[in-house]
Amino acid sequence: MLKAENVTKTYNAGKKLALEDFSIDVPEASIYGLLGPNGAGKTTFIRIINQITQADSGSVFINGKKLNPEHIKQIGYMPEERGLYKNMSVGDQILYFGELKGMSKNDALSQAKYWFEQLQIDQWWKKKLSELSKGMAQKIQFVVTVLHRPKLLILDEPFSGFDPVNANLIKDQILKLKNNGTTIILSTHRMESVEEMCDYVALINHAKKVLDGKVFDVREKFKKNIFGVTLAEVNEEMFESFKNRFQISDYSTLNHLVSFDLKNDNDQNLLLNELMKIGKIRSFDEKIPSMNEVFINAVATNN
Amino acid sequence: MKNIFLITKREYLTQVKKKSFVILTLLAPILMIGFGLLIAFMFKANESSSTFNVVDKSGLFVGNLQNSKAIKYVFVPAENERALTSTLKEMTGIEGLLIIPQLKDNNFDDLEKNSQLLINKKIGFDTQSSVASDLSKIIKKEKIKTLGISQDQLNNLDQNFKLNTQNVVDNNKGDSDLDFGVKSGLSIVLMYAVFMFIIIYGVRVMRSVLEEKNNRVVEIIISSVKPFELMMGKILGVTLVAVTQFSIWITMSVIGALFLNTGFSAMQQQIPGGEKSAEMMQKFDLQQTATEISHILLDLNFPLIIFVFIVFFLLGYIFYSSMYAAIGSAVDNETETQQFTLFAIIPLMVGMYGSFTIMNNPEGPLGFWLSIIPFTSPVAMIARIPFGVPAWQIALSMFLLLGSSLLMIYVAGKIYRVGILMYGNKATAKELWKWIRS
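Chain order of the listed sequences is Y and L.
Take 897 as the starting number for the first sequence in this note's numbering and just add one per residue.
Take 31 as the starting number for the second sequence in this note's numbering and just add one per residue.
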């Protein structure tokens, strides 16, 4: 749905590189995670999509068309630095932002009503923003972002400022939007939210894309064929010979249970056969790296 | 275009709905009047009136000493002199006793030497010298009379030289003193109004920009509209606020004037006809002056003055408020704005103080240049306009101001576009220059 090709952006007359030769492909109706530490270039890329700034070179396409002002109405953007008018009533702001996105007043009203019910905040319409707590304001911010039924939703650190209950509420809404066909770009430095929600991911570090792909593939790619094993009723003799043939680490015993990690590049079923001879298998799972580990690894190999 | 309208609407409604706006709009005229009254009162407060008993043995002063607001003379028969002198210490309401001896052989020096003012409390230097001058005026007349000059001749002597000025270019009568005073007054009032309003509303634009920058709303808005639209919407919104405030104030003053007028004439009718005091005479004088002033005002080309005022105010406001918008976007908080706002205030100040010299010589070179150069023309042209300005100069100045306003909007737009997304540091002049060129 969104495609970026060789996007480069510099600040300070070319002295500071914000984004270098950056290309990604975001499929329709997916959640695409932009992952990277602060200052990596995520916000710059998002601003380019929003046409707040222009790329120095390269181009961005939405549904095959080069990015143009007409696209603005199809995009919903929630910046990391949230902002609403403090002295304006909640209702007035929502209508104002809706109208700025080209909605009619009635349309904005009915949409607002829908979202206020979804987020259980219908009693806030007339309140001024300054009377609301930070978490409440975040919900309003979310409504402002999704009000005009954007086809592309860009969320910069969407969960910051939410308590766990409300974070879940928002998460469910995001997933629901995805299921209804909205394409979502989610920028964050919190790796766990990517694992939970994203279908695709791109890692950015120092203005460059380090890697990208389906979350599953990326994690697969970085797995080191390490398996976690827990055995009971271990035959010590067999175990000793096993240890000589396999690379074992993180060995521990607890209540007659033996746990360890082992590396195995061959067939897993053969390995299981071996393990069955040593004792009763309580658990056996492949250790897939977390996004955090993937990221650290990717950055390390990249450097 | 629709976006600019939406932004203008929001800006206008939020500003107008603010309590501070309502209070300021309603209170400002009252405050102004109150302030004027306070100053008048302060002048008044220190003004005490003194009453003196006068024993005039010479008979020269009876009926000739005029009472004024500050000093009242009460003539008493000469027989009471002794009694009054002895009780003067205890008297209240009477501040003194003026004793004038008999005039002997037209010896005025003797009369002066033997005249005495007995007082029972301290009187100011002003009062003392007023009494002295009141007396000397009468003595002077008496002295002249002894020289054998008639009253008519005397009046003739007192006449001032009235210079008749005629401008041969526009065939108008030259300005009389009153003419000149009225025009200068009007010129100062209009000039101050423009100066104040440009700054007040310009700062409003700046605050509003800063507010959006500080609460980060700006990033959401400019993901929907162009920064230029946002800036223009803001400037237009505040313009409408200014227009609203003006209209309310004009309505209020018209109503106030009508009210005062009817009140004044009602008061006049209540004054009994018989009592033709000096006060009445003074009032009559005042009325006459007022009529003269209104005649002079009516003789002015008001449609032109109003037109020039509105055009130059609006253009000047747009010129400066785009400057203020750029300043607001380039800094992070209000304290940092100060050094930059100097750039916006100093030219206006130069225009204003320079314009005081215009009043002495409306067609001098300084007046000409100040009212042509766009930085100062919004105030200087308005200062000149009551005195009459050649049409080509107005047109040239307007054209230049319009052009530079557009240029300023363009430049400010460039700074604004970059500035609103820069957080955490104040832009340097060098950076600003880079933004403008980018």
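Glycine included, C-beta positions come from ideal geometry on N, C-alpha and C.
From a predicted model like this one, the values you see are computed outputs, not experimental measurements.
Hey, residue i and residue j: beta-carbon distance below 8 Å or not?
i               : j               : result
I968 (chain Y)  : S254 (chain L)  : yes
M897 (chain Y)  : N959 (chain Y)  : yes
M438 (chain L)  : F349 (chain L)  : yes
F1138 (chain Y) : Y1147 (chain Y) : no
K1159 (chain Y) : N1121 (chain Y) : yes
G263 (chain L)  : T38 (chain L)   : yes
V922 (chain Y)  : I1081 (chain Y) : yes
I1050 (chain Y) : I920 (chain Y)  : no
K938 (chain Y)  : S1083 (chain Y) : yes
K1110 (chain Y) : Y1096 (chain Y) : yes
K102 (chain L)  : S88 (chain L)   : no
F942 (chain Y)  : D1108 (chain Y) : According to the sequence provided, residue 942 (chain Y) is Ile. The question's Phe does not apply to it. Contact: no.
I228 (chain L)  : Y347 (chain L)  : yes
I948 (chain Y)  : V956 (chain Y)  : no
I1184 (chain Y) : R1115 (chain Y) : yes
P408 (chain L)  : L345 (chain L)  : yes
F470 (chain L)  : V361 (chain L)  : What is shown of chain L runs 31 to 468, which leaves residue 470 (chain L) out entirely.
S351 (chain L)  : Y231 (chain L)  : yes
L1043 (chain Y) : T1079 (chain Y) : no
N150 (chain L)  : L128 (chain L)  : no
Y446 (chain L)  : V271 (chain L)  : no
Using 8 Å for Cβ pairs, my map puts residue i next to residue j. What's the rounded Cβ distance?
i               : j               : result
T906 (chain Y)  : D917 (chain Y)  : At roughly 12 Å, the Cβ-Cβ gap does not stay under 8 Å, so T906 (chain Y) and D917 (chain Y) are not in contact.
A113 (chain L)  : V85 (chain L)   : That belief does not hold up - the Cβ atoms of A113 (chain L) and V85 (chain L) are roughly 11 Å apart, past 8 Å.
F82 (chain L)   : G123 (chain L)  : Their Cβ separation, rounded to whole angstroms, is 11 Å, which puts F82 (chain L) and G123 (chain L) out of contact at 8 Å.
L931 (chain Y)  : M1187 (chain Y) : 7 Å
M1032 (chain Y) : W1021 (chain Y) : Their Cβ separation, rounded to whole angstroms, is 12 Å, which puts M1032 (chain Y) and W1021 (chain Y) out of contact at 8 Å.
R40 (chain L)   : Y973 (chain Y)  : Not a contact, Cβ separation roughly 19 Å.
M221 (chain L)  : Y354 (chain L)  : With 8 Å as the limit, M221 (chain L) and Y354 (chain L) do not qualify as a contact, their Cβ atoms being about 20 Å apart.
G397 (chain L)  : N391 (chain L)  : 7 Å
M428 (chain L)  : F225 (chain L)  : Their Cβ separation, rounded to whole angstroms, is 18 Å, which puts M428 (chain L) and F225 (chain L) out of contact at 8 Å.
L148 (chain L)  : I130 (chain L)  : Between I130 (chain L) and L148 (chain L) the Cβ distance is about 12 Å, and since that is not below 8 Å, they are no contact.
L996 (chain Y)  : I251 (chain L)  : 7 Å
Out of the options, point me to the one whose CA is closest to residue i's CA.
i               : options                               : result
K171 (chain L)  : L:D188, L:Q158 and L:E366             : L:D188
H325 (chain L)  : L:N190, L:L208 and L:L288             : L:L208
T458 (chain L)  : L:M428, L:I357 and L:K256             : L:I357
S277 (chain L)  : L:T321, L:T55 and L:S50               : L:T55
Q1014 (chain Y) : Y:M1172, Y:V1039 and Y:R1045          : Y:V1039
E977 (chain Y)  : L:T371, L:V248, L:A223 and L:L345     : L:V248
A966 (chain Y)  : Y:Q1164, Y:P1046, Y:H1152 and Y:N1151 : A small fix is needed here, since residue 966 (chain Y) is Glu in this sequence, not Ala. Comparing Cα positions, the closest option is Y:P1046.
I60 (chain L)   : L:I415, L:G286, L:E393 and L:D182     : L:G286
I466 (chain L)  : L:L372, L:K175 and L:A442             : L:A442
T387 (chain L)  : L:S214, L:S180 and L:I424             : L:S214
Which residues of chain L have a Cβ atom closer than 9 Å to the Cβ of residue i, listed in chain order?
i              : result
N934 (chain Y) : Correct list: empty, because the minimum Cβ distance to chain L is about 13 Å.
P975 (chain Y) : R246, E249, I250 and S253
Closer than 8 Å by beta-carbon distance: list the chain Y residues that pair up with residue i, in chain order.
i              : result
V247 (chain L) : G979, L980 and Y981
L327 (chain L) : None at all; the shortest Cβ gap to chain Y is about 43 Å.
N33 (chain L)  : L996
Under 7 Å Cβ-Cβ, which residues of chain Y neighbour residue i?
i              : result
I252 (chain L) : I948
Terminal residues of the continuous beta strand (DSSP E) containing residue i?
i               : result
K1139 (chain Y) : It is not in any beta strand (DSSP E) - K1139 (chain Y) instead sits in the alpha helix (DSSP H) that spans E1132 to R1141.
M974 (chain Y)  : I971 to M974
G954 (chain Y)  : S953 to I958
T873 (chain Y)  : The question about residue 873 (chain Y) has no answer, for chain Y in this structure spans 897 to 1199.
E1182 (chain Y) : K1176 to E1182
Q146 (chain L)  : Q146 to I149
V1154 (chain Y) : L1153 to K1159
T1079 (chain Y) : T1079 to T1084
Y103 (chain L)  : I101 to F105
I130 (chain L)  : G126 to I130
Which residues mark the beginning and the end of the alpha helix (DSSP H) in which residue i is found?
i               : result
A410 (chain L)  : S407 to R414
Q158 (chain L)  : F155 to T176
K1117 (chain Y) : V1111 to K1117
F1012 (chain Y) : K1001 to Q1014
L430 (chain L)  : A421 to G449
D188 (chain L)  : Q181 to D188
A1033 (chain Y) : K1030 to V1042
Quick one: which chain L residues come within Cβ less than 8 Å of residue i?
i               : result
V1039 (chain Y) : Near V1039 (chain Y) there are no residues of chain L at all, since even the closest Cβ is about 12 Å away, more than 8 Å.
I968 (chain Y)  : S253 and S254
Y992 (chain Y)  : L36 and R40
What residues of chain L sit near residue i, judged by a beta carbon separation below 7 Å?
i              : result
M984 (chain Y) : T44
K997 (chain Y) : S254
Mind pulling the chain Y residues with CB within less than 9 Å of residue i?
i              : result
N390 (chain L) : Those within 9 Å of N390 (chain L) in chain Y number zero; the least Cβ separation is about 48 Å.
L451 (chain L) : R943, I948 and T949
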